[in-house]
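Notes to accompany the following structure.
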Amino acid sequence: MFLGRVIGRVVCTRKAEGLEGVALQIVQRLDEAMHDLGTPFVACDTAQSGLGDVVFLEDGREGCYALPVFLVPVDAVILGHVEEVTVPDRGIAWREAR
Amino acid sequence: MFLARVIGHVVAPVNHRVFEGHKLLLVRPVDPQEKPAGAAVIAVDRVDAGVGDRVLVIHEGSSARDLTGEPNGPLRAVIVGVVDDVELETP
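Chains A and R are the protein sequences, given in the same order. Following this note's numbering, the residues of the first sequence are numbered contiguously, the last one being 98. Following this note's numbering, the residues of the second sequence are numbered contiguously, the last one being 91.
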């Protein structure tokens, strides 16, 4: 699993079977210093995320176990919303703004 | 499995049963000489590791599901050991 920030969303009226009703978000992966890492990608969302939310994701096949329909082939799923990230030796003590 | 250093932790409300009661730790993969060997990942802690520990991490789905006892657990990375020592053949 890894950290990401939701930077956008994708709407597809025609989707693969099993993805009906599954929100598709555009995610920017974050490194442990909360800096952007790599190219933004599209992930299925199981955490009702909003724009700007910091989330954690699974990028393996295992992410599909979190979807409503069993064993839909996906390769990136938002598993949860992050409230706090602490990395003492990098001086990171990020907390979600309330 | 890979060696890693625990560099931080992540706090997130539990969204899936498999995460209940377990810490989410940020681990950086390292090689046996402690040089960083890849991007940090989030792993479920099963051995009460802490920031600064050197740990053993499994990063494979079916093993993670067996370890957590969750046949439908949406995760791959699980911390399975706190490493006390690593011995390497001297070249």
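We put the CB at the ideal spot given by N, CA and C, even for glycine.
- Look at the segment 73 to 96 of chain A: the residues with a C-beta under 8 Å from a C-beta of chain R are V77, L79, G80, H81, V82, E83, E84, V85, T86, V87, P88, D89, R90 and I92.
- Its chain contains L26 and R28 as the residues whose beta carbon lies nearer than 6 Å to that of I7/R, once the 5 sequence neighbours on both sides are disregarded; these appear in chain order.
- Counting only Cβ-Cβ distances below 9 Å, D31/A has contacts in chain R at A39 and A40, in chain order.
- Taking the Cβ atoms as the reference, Q25/A lies roughly 6 Å from A43/A, within the contact range of under 8 Å.
- In this structure, DSSP gives C44/A an extended state, which the three-state scheme calls strand.
- Cβ neighbours of A64/R within its own chain (closer than 8 Å, five residues either side excluded): V44, I58, G73, L75, R76, A77 and V78.
- With a 10 Å radius around the Cβ and a threshold of 16 neighbouring Cβ atoms, H9/R comes out buried.
- Boundaries of the beta strand (DSSP E) around R95/A: I92 to R95.
- With respect to the 7 Å criterion, C64/A and V54/A are not classified as neighbours on the basis of their beta carbons.
- Shortest Cα-Cα distance from H16/R to any of I92/A, L79/A, R95/A and E84/A involves L79/A.
- F56, E58, G60, R61, E62, G63, Y65 and A66: these are the residues of the segment 53 to 66 of chain A whose beta carbon lies less than 7 Å from some beta carbon of chain R, given in chain order.
- The count of Cβ pairs closer than 8 Å, one atom from the segment 28 to 39 of chain R and one from the segment 79 to 95 of chain A, stays below three, leaving the stretches out of contact.
- Among the CB atoms of chain R, none fall inside 7 Å of the CB of A43/A.
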